[in-house]
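Peer 1: Dropping a structure here in structure tokens format, bear with me for questions.
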Amino acid sequence: VNTRKHPLGIPAPSEKDWPKEEEDFFLLDPDRERGALPQPFRMINKLVMQVFESAMEIIERREMLREAQKLKVQPKKCFPTAEFQVTERANCLAVSGKYVFVGLSEGLAAFHTRDFKDVCAWDAAKTEICAIHALDLGNECHVLLAVDEMGLVWLFCFHKGSFLLVKILNEVEDVSQRSTCVEEVLSRGGDYAGILLQGNTKAWLEIYQLPKDSWLTEMEKNAGAAEGLACSERSSSECGTQHSSQVGAFLLQKLPVSAIQADVELDLPVLLLTVRPPKPVTGTSFKGPLDALKEMDDDSMLGLGYNHLIKDSQWELQEAIFCSTYREYLEAEGVTKEEIPRHATFHFLLPSRILMGPETEVQPDIPVGIGVHWDGNHNFCLYLLNHSLKGKADSDLIPDVVWPCASPIACSAVSSCSRYLALAGEDATITIWDKHLGYPLSVTAILEERFIRSVHFL
């Protein structure tokens, strides 16, 4: 019998007892298995991993954008409730009161907003209308400014379904002297109208006063004659109501053409102002300081002014010296003389202390002046509307108030109450002025290398 002297025990582990296969499993790096691949396969594996990582980044970025889009307020989609079609091309439209005026390739057309049916049309001149401005004067009377393809401005009065041609504002007998309209504006209330005209080499602004009170009175007197000659609406059976009731569309095929009532004579608008671009700074026409002092009658001048008088010859000499000094740079850049500005932005302004003064009695809802700034000019000029053109046809109108700016004015805007004025300069700086008190409220600078094209009050 074999017996053990000592109890059975478990020997202590040692590295010598480890199998070689397990040793390779625990000590080797897992990436070494891919490193054992041949070189072409390792390159393919690396490219595939880069593609997967790029795809995951794109997916994550799209998911973030999708989540951010969900948080934004989605705009409400609006669909047309009805359509009215015209046989000719529609170039422009304007809404005034309960009427929609459409400029066609030949004439004008008016539609009623209640049932979207045509009221009447005007095509006596067979001209294409490119722009329309309309305003409701009350008592079913509307004033329209229409610009045709030749740049002529047609002034209409629309009353109870009939177009009345008042005048062509820029019509001239000599075709070579004809000017084209660039912009037209009607003042709020319809008291004034402004048109910006361009000729061959110059541009100017004309302001007209519209006799709307006499128009309304004349319309009331001739209400019976106007109704007899007014355009009647087409019956629904002429264009097939079965189709229009299904899709809500109305086809304008043969509009009743409104006749100009011969017995209704409307007063013509009155030309109040003719504003031209400001002239560049030049020297004085006086021969000496004494001639200039003779024109000063307020006894506020001291001395003879020999060191303060700049003549035209000095400006010419300074320009000649500059051109001769930098001739090579001017020729390389192709610098030419400064051109006269040919575009302006203007606004009708309500009464304020800057224009009328605190003691002047005026109606608060009727404009008393205009504000104008020309392209490339630093000054915002204010003109009163009570000037007279008698004896001043050839002379340039001098502004009543001038607001200088540090940089050329790019665009401007006036608030609905006409008290606040926003001027945006070409240096991307916006200044808000209180026109009633005459001082700036705030100045905001936009990022550099930005050009402000338009500014609006909300």
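To convert a position in the sequence shown, counted from 1, into my numbering, add 48.
The C-beta atom is built at its ideal place from N, Cα and C for all residues, glycine as well.
Values in this document were obtained by computation on a predicted structure and should not be read as measured data.
1) Going by DSSP in three states, Leu471 sits in which element: helix, strand or coil?
2) Is DSSP giving Thr175 helix, strand or coil here?
3) Distance, Cα to Cα, Lys250 vs Arg226?
4) So the candidates are Leu264, Leu213 and Ile494; which of them puts its Cα closest to the Cα of Asp475?
5) Does DSSP classify Gln246 as helix, strand or coil?
6) What residue range is occupied by the uninterrupted alpha helix (DSSP H) comprising Thr265?
7) If Gly242 and Ile446 are in contact, beta carbons under 8 Å, what's the gap, nearest whole angstrom?
8) Closer than 6 Å by C-beta to Thr289: which residues in its own chain qualify, once you throw out the five before and the five after it? Chain order, please.
9) In chain order, what residues of the same chain lie with their CB nearer than 8 Å to the CB of Gln294, ignoring the 5 residues before and after it?
10) Starting from Ser144 and walking both ways along the beta strand (DSSP E), at which residues does that stretch end?
11) Since Arg467 and Ser400 should fall inside the 8 Å C-beta cutoff, what is the C-beta to C-beta distance between them, to a whole number of angstroms?
12) Considering Cα atoms alone, identify which of Val420, Gly151 and Gln117 is closest to Val323.
13) Under 8 Å by Cβ, that's how I've got Cys140 and Ala182 pegged, so tell me the actual separation to the nearest angstrom.
14) How would you write the range of the beta strand (DSSP E) that Asn427 sits in, first residue to last?
15) Please classify His207 as buried or exposed, where buried requires at least 16 neighbouring CB atoms within 10 angstroms.
16) Classify Val462: buried if its beta carbon has 16 or more other beta carbons within 10 angstroms, exposed otherwise.
17) Mapping DSSP to helix, strand and coil, what is Glu131?
18) Out of Phe164, Asp163 and Ala169, point me to the one whose CA is closest to Ser153's CA.
19) Tell me, to the nearest whole angstrom, how far the beta carbon of Phe470 is from that of Ile478; I am working on the premise that it is less than 8 Å.
20) Could you tell me the alpha carbon to alpha carbon distance between Leu319 and Asp423, rounded to whole angstroms?
21) Could you check if Gly439 is buried or exposed, using at least 16 other CB atoms within 10 Å of its CB as the buried criterion?
22) Candidates Cys429, Val449, Asp448 and Cys465: which alpha carbon is nearest Ile414's?
23) For Leu316 versus Lys174, is the C-beta distance shorter than 8 Å?
24) In three-state DSSP terms, what is Thr373?
25) Give the secondary structure of Leu403 by DSSP, where H, G and I count as helix, E and B as strand, and everything else as coil.
26) Here's the rule: buried if 16 or more other CB atoms are within 10 angstroms of the residue's CB, otherwise exposed. What is His391?
27) Measure the alpha-carbon distance for Gly486 versus Tyr431 and round it to whole angstroms.
28) So Cys459 and Ile500 are in contact, right, with Cβ under 8 Å, and what is the actual spacing, rounded?
29) Confirm, please, whether the CB-CB distance from Leu314 to Cys205 is below 8 Å.
30) Report the CB separation of Val191 from Lys125 in whole angstroms; it is logged as a contact under 8 Å.
31) Comparing C-alpha positions only, which one of Gly473, Asp444, Val410 and Asn434 sits nearest to Trp451?
32) In angstroms with no decimal places, state the Cα-to-Cα distance between Glu108 and Arg114.
33) With burial defined as no fewer than 16 other Cβ atoms inside 10 Å of the residue's Cβ, what is the status of Lys327: buried or exposed?
34) Using the three-state DSSP reduction, which class does Phe499 fall into: helix, strand or coil?
35) How many whole angstroms separate the CB atoms of Phe428 and Tyr240, which I take to be in contact at a CB cut-off of 8 Å?
36) Compare the Cα-Cα distances from Phe164 to each of Ala172, Lys146 and Gly151 and report the closest residue.
Peer 2: Let me spell this out:
1) strand
2) coil
3) 12 Å
4) Ile494
5) strand
6) Lys260 to Lys269
7) So it is not a contact: roughly 18 Å between Cβ atoms.
8) The pLDDT assigned to Thr289 is 39, lower than 50, so where the model puts this residue is not dependable, and the model offers no usable value.
9) Because Gln294 sits at a pLDDT of 34, beneath the cut-off of 50, its placement in the model cannot be relied upon, and the following sentence gives the value as read from the coordinates. Result list for Gln294: empty, nothing under 8 Å.
10) Ala138 to Ser144
11) 7 Å
12) Val420
13) Between Ala182 and Cys140 the Cβ distance is about 11 Å, and since that is not below 8 Å, they are no contact.
14) Asn427 to Leu432
15) buried
16) buried
17) strand
18) Ala169
19) A small fix is needed here, since residue 470 is Ala in this sequence, not Phe. Contact holds; Cβ gap of about 6 Å.
20) 24 Å
21) Its pLDDT being 44, under 50, Gly439 is placed unreliably by the model, and the measurement read from it follows with that caveat. Exposed is the call here.
22) Cys465
23) no
24) helix
25) coil
26) exposed
27) 15 Å
28) 6 Å
29) yes
30) Contact doesn't hold; Cβ gap of about 35 Å is too wide.
31) Gly473
32) 10 Å
33) exposed
34) coil
35) So it is not a contact: roughly 19 Å between Cβ atoms.
36) Lys146
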